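Let me begin by presenting the structure, written as structure tokens, before commenting on it.
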Amino acid sequence: MDTSAIAQFLPLILIFVIMYFLLIRPQQKRAKAHTAMVEALRRGDIVITQGGVIGKVVKVRDDNELEVEIAENVKVRVVRNSITSVASKTEPAS
Numbered sequence: 002m003d004t005s006a007i008a009q010f011l012p013l014i015l016i017f018v019i020m021y022f023l024l025i026r027p028q029q030k031r032a033k034a035h036t037a038m039v040e041a042l043r044r045g046d047i048v049i050t051q052g053g054v055i056g057k058v059v060k061v062r063d064d065n066e067l068e069v070e071i072a073e074n075v076k077v078r079v080v081r082n083s084i085t086s087v088a089s090k091t092e093p094a095s
């Protein structure tokens, strides 16, 4: 290959590198942070679901489910991945 062939591919390579750092890498970091947040959920945390429902985690059922109390004596089963954020964390028991 001569230098003209490499020079033709340089803009394509440069575009891929820019796309990686602007789009792909931040998305991977966000996904990793969401996974860590979901894994750290425990009883007493106030959570917000994808549907906008705010509730308190009452029970961590198994690897994939939580029981969330959305009103007094109203509990729903929620898939862990549907939790978008944690409004308030409980302090660990001493």
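Counting along the sequence shown from 1, when you hit position 65 you're at 66 in the numbering used here, and nothing is skipped either side.
Yeah, the Cβ is synthetic: ideal placement off N, Cα and C, and Gly gets one too.
The structure displayed is predicted, hence computed values, not measured ones.
- Straight through space, the alpha carbons of V18 and P27 are spaced by roughly 13 Å.
- Assignment of L67 by DSSP, reduced to helix, strand and coil, places it in the strand class.
- For secondary structure counted as the beta strand (DSSP E) over 3 or more consecutive residues, the region 31-65 holds these complete runs in sequence order: 47-50, 55-61.
- Looking only at I7, F22, G45, T4, the smallest Cα-Cα distance to V61 is reached by G45.
- Between A88 and I47, the beta carbon gap of about 4 Å places them in contact (Cβ cut-off 8 Å).
- Here T85 carries a strand assignment [DSSP, helix/strand/coil].
- By the criterion of a C-beta distance shorter than 6 Å, E70 is surrounded in its chain by G56, K57, V59, K76, once the five residues flanking it on both sides are discounted.
- Membership of T4 in the alpha helix (DSSP H) is indicated by the continuous run 4-20.
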